[in-house]
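Notes to accompany the following structure.
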Amino acid sequence: MTVKDADGGGVVFHCHNGDDDAWKGLKDECRQLGLLPERERPHGGKWQQTGCYEYVDANGTVAYRTVRIEKPGERKQFRAQRPDGRGGWINGLDKAAPRILYRLPDILNADPHAFVYLTEGERKADKLAQWGFVATAIAFGAKGWRDAYAQSLAGRTVVILPDNDDEGRGFADRAAKSIEAARGRPVILPLPDLPPKGDIIDWHGTADDLRVLTDDAIDRPQVVQPERAPMFALIDPSSWQGQPAPPRAWTLHEWIPARQATYLTGAGSAGKSLMAQQLATCIALGRPFLGVETRQANAIYLTCEDDADELHRRQSAICAAMNVEPRELSGKLHLVSLAGAIGNELAVFDVQGRMGTTEAWAMLHATVMQTGAGFVALDNVAHLFAGNENIRNQVAAFCSLLNRLAADADASVLFIGHPNKAGDNFSGSTAWENQVRSRIFLDCPRDADGEALDPDARQLSRVKANYARNGETLAFRWHQWAFVQEADLAPGVHAEIAAVAQENAVNDAFLRCLTRCTETRRAVSHVNGINYAPRIFSQMIEAKATGQAAFERAMERLIHNGTVLLDQELWKGENRHWKRGMKLARQPGESAPTPALTPAPTPAPTPRQPQAAPLVEQRADPRCANPLYTTYKEAGWSPAAPSDLSDTIWGEGE
0 MTVKDADGGG VVFHCHNGDD DAWKGLKDEC RQLGLLPERE RPHGGKWQQT GCYEYVDANG
60 TVAYRTVRIE KPGERKQFRA QRPDGRGGWI NGLDKAAPRI LYRLPDILNA DPHAFVYLTE
120 GERKADKLAQ WGFVATAIAF GAKGWRDAYA QSLAGRTVVI LPDNDDEGRG FADRAAKSIE
180 AARGRPVILP LPDLPPKGDI IDWHGTADDL RVLTDDAIDR PQVVQPERAP MFALIDPSSW
240 QGQPAPPRAW TLHEWIPARQ ATYLTGAGSA GKSLMAQQLA TCIALGRPFL GVETRQANAI
300 YLTCEDDADE LHRRQSAICA AMNVEPRELS GKLHLVSLAG AIGNELAVFD VQGRMGTTEA
360 WAMLHATVMQ TGAGFVALDN VAHLFAGNEN IRNQVAAFCS LLNRLAADAD ASVLFIGHPN
420 KAGDNFSGST AWENQVRSRI FLDCPRDADG EALDPDARQL SRVKANYARN GETLAFRWHQ
480 WAFVQEADLA PGVHAEIAAV AQENAVNDAF LRCLTRCTET RRAVSHVNGI NYAPRIFSQM
540 IEAKATGQAA FERAMERLIH NGTVLLDQEL WKGENRHWKR GMKLARQPGE SAPTPALTPA
600 PTPAPTPRQP QAAPLVEQRA DPRCANPLYT TYKEAGWSPA APSDLSDTIW GEGE
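Just so you know, we're using numbering that gives the first Met the number 0 here: the sequence shown kicks off at 0 and counts up by one.
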């Protein structure tokens, strides 16, 4: 006879000579020593309690319990009992009391990334817990599943271990659907080599075997058996016989189709955020947007970059440009600021690239549906998309999610992105363009060298349009903190704008020439002589045919506003003496100086640096080197439209 340890802490006796009496005697001796349990005695055909499982809520209180009773020759039964408040138990459950998962505190206290194993019965969950897994079950077996159970599994990966029968497989399917609806990830794992109606109790594998099977199931896409899969919804074209095709609906005529997601990109500081908020305002009121017809609908503008104060300032300028009162927007336009919030991503991706939606998506969907919004602007992709912008299937899944929002709400969704560092008008995979039916691009009109012709002018281009003509453009301009059409400007302003634009262009040419001279160590001066800057600049390629007289006027403007400094030390010559001349007040790449809290005293005039008249009506912003305003008074120099501080280029490697 040999004796050895068995799995699960048991003992195996092997009698080699067939002596049953010796075997029975040895078992009796082991029972006396406590190595084997006492022999079960018949109970005279009575029901006996063989198990008790307490259901503990999140506060550690026993809410109810199930008791397993058995009788020889009968199927086991379960009874539910609730506390009577006096230390005893009452049969049955309170119908109003919520159902909770078995071993719920284990789930709540576990690592959120740990797998949760779901079984049909408590004893099975206890076995898994003994193996070191987070495990749970429900009361009353396969038919006891309720959708409410899934709320405790939201956001978790749940491995469902069905019994090997039709009831077990049905339980797994129902639970999986509920868990998925609760934003969890269900994984159905049928255990191999189970007998008919078998379960984890009957399985001969070990904890390590289960870990291997689980990892394989997690990495393997879930497969639906063809005989159990539902059919796609089919459309029979013959049903359209004699019916005219419905007209195409547009939220912004021939630019933004209804029930679709449209992608808006544009250069940094072009004003994408301003455009989206102004477009939302026009749609909310049913007004044309820069002359283009809109479909009136409740509108939402959601930004992850601007706070409520910035939205207020921008909306005030928009209302002034449109000649409307903010109260007219009540119940029609809804602004949402998520600036500074954490977890704005609408979807996340697992290691296999599969997408799951987030709480932010659920809140967005609920907000759109409950407000009845027909237009939703999302600013911007960098905050809302947590995947890799260069991975095609992740981009495609995210765009499909936005198209789903558009279809669910009968709305148009406009989502905003940025160009990349290389200058392409969108960043990342081509799926950003391929997965939408409309993509539009906002920029300043530029010359052949890529220089902006007029810093306040804007051009919206239809770069992809499945439902309209490609390549068409819409011209408008930035004016007093909003976008306007040229035709909407007051009489006489056009000439002033043209003059300012021309002067700004000459200013830019002057600065390009000065920068080039500095790079090539060619000193220039404001004094009329051999190094006279306007004459030298007029002969340079960077001048682009600008004449000496125009450069002289530009020099006076730039000296006046402090953009260039005179008689400055530039570099040491061969004689070790400083070469002096004109230079930029701030070289390219240098950060702007910190603004003083009090104005600096005006320096006394010198023969080389004449005293400049003080500027008036400047609205300084410490984040910008130049004052944030545009004026057309006396056709003098003024800076271009302010940089859109929310527009950060989102390119590869960032």
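A virtual CB, placed ideally from N, CA and C, is assigned to each residue, including glycine.
These numbers were taken from a predicted model, which means no experiment stands behind them.
Separation of residue j from residue i, as counted between CA atoms
i           : j           : result
residue 382 : residue 364 : 17 Å
residue 375 : residue 233 : 30 Å
residue 97  : residue 118 : 20 Å
residue 65  : residue 55  : 12 Å
residue 550 : residue 530 : 14 Å
residue 518 : residue 537 : 17 Å
residue 192 : residue 208 : 13 Å
residue 318 : residue 286 : 12 Å
residue 235 : residue 449 : 52 Å
residue 631 : residue 492 : Model confidence at residue 631 stands at a pLDDT of 34, short of 50, so the residue's coordinates are unreliable and nothing is read from them.
residue 79  : residue 345 : 42 Å
residue 342 : residue 359 : 7 Å
residue 93  : residue 273 : 57 Å
residue 49  : residue 122 : 11 Å
residue 255 : residue 478 : 24 Å
residue 442 : residue 568 : 39 Å
residue 454 : residue 500 : 8 Å
residue 45  : residue 70  : 6 Å
residue 439 : residue 459 : 7 Å
residue 134 : residue 60  : 19 Å
residue 465 : residue 543 : 40 Å
residue 63  : residue 340 : 40 Å
residue 399 : residue 390 : 14 Å
residue 299 : residue 291 : 19 Å
residue 178 : residue 170 : 12 Å
residue 515 : residue 578 : 16 Å
residue 489 : residue 408 : 40 Å
residue 367 : residue 277 : 19 Å
residue 354 : residue 428 : 17 Å
residue 47  : residue 67  : 8 Å
residue 521 : residue 337 : 51 Å
According to DSSP, residues forming a beta bridge with residue i
i           : result
residue 66  : 51 and 78
residue 118 : Its beta-bridge partners do not exist; DSSP assigns none.
residue 475 : 457
residue 336 : 302
residue 568 : 579
residue 94  : Paired residues: none, contrary to the question.
residue 249 : 256
residue 442 : 458
residue 265 : 441
residue 356 : 346
Proximity to residue i [Cα-Cα], best of the options
i           : options               : result
residue 372 : 258, 379, 277 and 397 : 258
residue 58  : 568, 75, 190 and 106  : 106
residue 304 : 347, 369, 379 and 569 : 379
residue 301 : 292, 322, 279 and 288 : 279
residue 480 : 269, 205 and 73       : 269
residue 395 : 81, 546, 312 and 262  : 262
residue 393 : 356, 415 and 407      : 356
residue 111 : 183, 90, 101 and 168  : 183
residue 406 : 63, 570, 139 and 260  : 260
residue 484 : 324, 167, 526 and 288 : 288
residue 525 : 504, 582 and 577      : 582
residue 271 : 154, 390, 340 and 417 : 417
residue 77  : 52, 100, 101 and 84   : 52
residue 555 : 215, 482, 196 and 503 : 503
Whole-number beta carbon distance between residue j and residue i, since they are thought to touch under 8 Å
i           : j           : result
residue 157 : residue 211 : Between residue 211 and residue 157 the Cβ distance is about 18 Å, and since that is not below 8 Å, they are no contact.
residue 253 : residue 284 : With a Cβ gap of about 20 Å, residue 253 and residue 284 do not count as contacting.
residue 172 : residue 141 : About 11 Å; that fails the 8 Å criterion.
residue 159 : residue 187 : 5 Å
residue 137 : residue 130 : Incorrect: roughly 20 Å between the Cβ atoms, too far for contact.
residue 174 : residue 185 : 7 Å
residue 467 : residue 476 : 24 Å between Cβ atoms; not a contact.
residue 505 : residue 562 : About 13 Å; that fails the 8 Å criterion.
residue 348 : residue 377 : About 18 Å; that fails the 8 Å criterion.
CB of residue i within 8 Å of CB of residue j, strictly
i           : j           : result
residue 445 : residue 451 : yes
residue 150 : residue 109 : no
residue 523 : residue 510 : no
residue 541 : residue 508 : yes
residue 437 : residue 250 : no
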